[in-house]
Amino acid sequence: MKNIKKTVLLTIFLLVVPFVVSSFHSTACAEHKLTIASGIIGGGWYSSMAGIFEIVHANVPDVKARMVPGGGMTNQPRVGTHEVDMAWGITPFVAAALKGMAPFPQAFKDLRCIMKPNDVFALQAIFLADSPVNSFDEIFEKKYPLKLAVVPEGISDAYAFRKLLEFYKIDIKTIKKWGGKIMRAGYPDQIELMKDKHVEAVFENTYIPANPVMQIQPFRKLKFISFEKKHTSFFKELGFVEYQIPANSYENQPNPIFTFASGSVMIVNAKVPDEVVYNITKVLVEKANEIKKIPTLQNWDPKKGIQDLPAPLHPGAEKYLKEAGLL
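The number in our numbering is simply the position in the sequence shown, starting from 1, with 120 added.
Pasting the structure below:
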């Protein structure tokens with residue numbers, strides 16, 4: 121009788137334990153598909169996020185990422201409403217979106233952070249060298265028929281350009297009345313427009329050096345227009361900070377360029393499972409040296425990247441960072 125009981129108990133044990141172990145394995149390593157918004161195709165955000173998730177997938181194969189184009193003004197609401205799971209955000213705009221401050225119409229309280237890449241996004245006004253324009257004031261005081269390319273609305277470049285026009289109390293319609301034209305174009309198209317002289321300038325909010333500029337320079341001689349101190353308080357209210365683009369960042373740029381800058385941060389919706397964000401954060405920290413090899417992410421430093429975040433940490437990120445001794 122005792123032998124029969126032992127046999128029954130052993131049989132139950134052998135049936136139950138594999139089920140429990142299998143269930144745990146499935147929960148911890150279940151395939152999870154993420155939709156991730158980066159930047160416009162051809163821009164630094166798009167390539168950097170794709171590079172990061174190649175490394176993530178190599179180390180956490182069950183995390184599958186679907187990359188979609190995004191923008192510095194649209195990514196915050198898209199993550200906040202969980203239209204996408206993760207994205208790059210611009211630090212001052214993440215803070216504004218979380219609280220429902222301008223330029224956002226409502227608060228997106230489900231915004232969470234993972235870490236910052238410690239990058240710099242600088243406003244850059246790049247002109248053909250033979251353009252008569254040498255300052256922003258000249259454009260607006262002389263009612264100059266400016267021919268410029270900028271990305272579509274919803275991207276931070278377009279937002280900053282629109283605000284620059286507001287500083288001078290005009291809009292795109294005004295420039296058209298002066299005989300100018302503002303062409304909406306992504307970075308690859310901006311390159312071709314400048315090379316073919318369909319426009320004399322582009323306005324960008326991107327890394328230094330800007331990849332589109334580097335691709336234009338072999339074909340066209342360029343010059344760079346600085347902002348002025350009188351613009352400072354206006355752009356600071358929008359969340360930008362003063363910045364100097366170092367001399368010789370580009371060809372034919374012997375002097376620093378005074379401008380305004382911001383930085384980016386990896387944002388995620390609060391409802392993305394903790395274990396998924398935990399595993400991603402683990403890769404971001406432990407594979408930092410690999411991530412630094414991605415163009416535009418040379419300053420990747422997890423210790424610095426979790427300081428002064430514009431929204432709360434995601435609980436999954438917080439859990440790993442505490443275990444790693446970074447919090």
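Beta carbons: idealized from backbone N, C-alpha and C, even for Gly.
What you are looking at is a predicted structure, and each value in this text was computed from that prediction instead of being measured.
Item	Value
Inter-residue Cα distance where the pair is Ser382 and Leu417	15 Å
Contact the region 389–406 vs the region 425–436: 3+ CB pairs below 8 Å	yes
Own chain residues within Cβ distance below 7 Å of Ile295, not counting five before or after	Leu266 and Ile302
Assumed close pair Ile246, Val333 - CB separation to whole angstroms, cut-off 8 Å	6 Å
Cys149 in three-state terms, based on DSSP	Reliability of the predicted coordinates at Cys149 is poor, the pLDDT of 48 falling under 50, and the value obtained from them is presented with this limitation in mind. Cys149: helix per DSSP, three-state reduction.
Identity of the residue in Phe380, Pro338, Met206 and Arg198 nearest Phe323 by Cα	Phe380
Meets three-Cβ-pair contact criterion under 8 Å: the region 203–219 and the region 181–194	yes
Residue nearest to Leu284 in terms of C-alpha spacing, selected from Pro212, Leu358 and Lys315	Leu358
Residue nearest to Ser202 in terms of C-alpha spacing, selected from Thr155, Leu447, Lys297 and Glu174	Residue 202 is actually His in this sequence, not Ser. Out of Thr155, Leu447, Lys297 and Glu174, Thr155 has the C-alpha closest to the C-alpha of His202.
As assigned by DSSP and simplified to three states, the class of Val388	strand
Distance between beta carbons of Leu248 and Lys317, contact taken as under 8 Å	7 Å
Among Glu362, Ile311, Lys439 and Ser276, nearest to Lys349 - alpha-carbon criterion	Glu362
Outcome for Gly299 when other beta-carbon atoms lying within 10 angstroms are tallied against a minimum of 16	exposed
Endpoints, alpha helix (DSSP H) assigned at Met334	Asn331 to Ile336
Cβ-Cβ separation, Ile160 to Ile275 (assumed contact under 8 Å), whole Å	6 Å
First through last residue of the beta strand (DSSP E) which encompasses Leu417	Looking at the DSSP string, Leu417 is not in any beta strand (DSSP E), and its letter there is neither H nor E.
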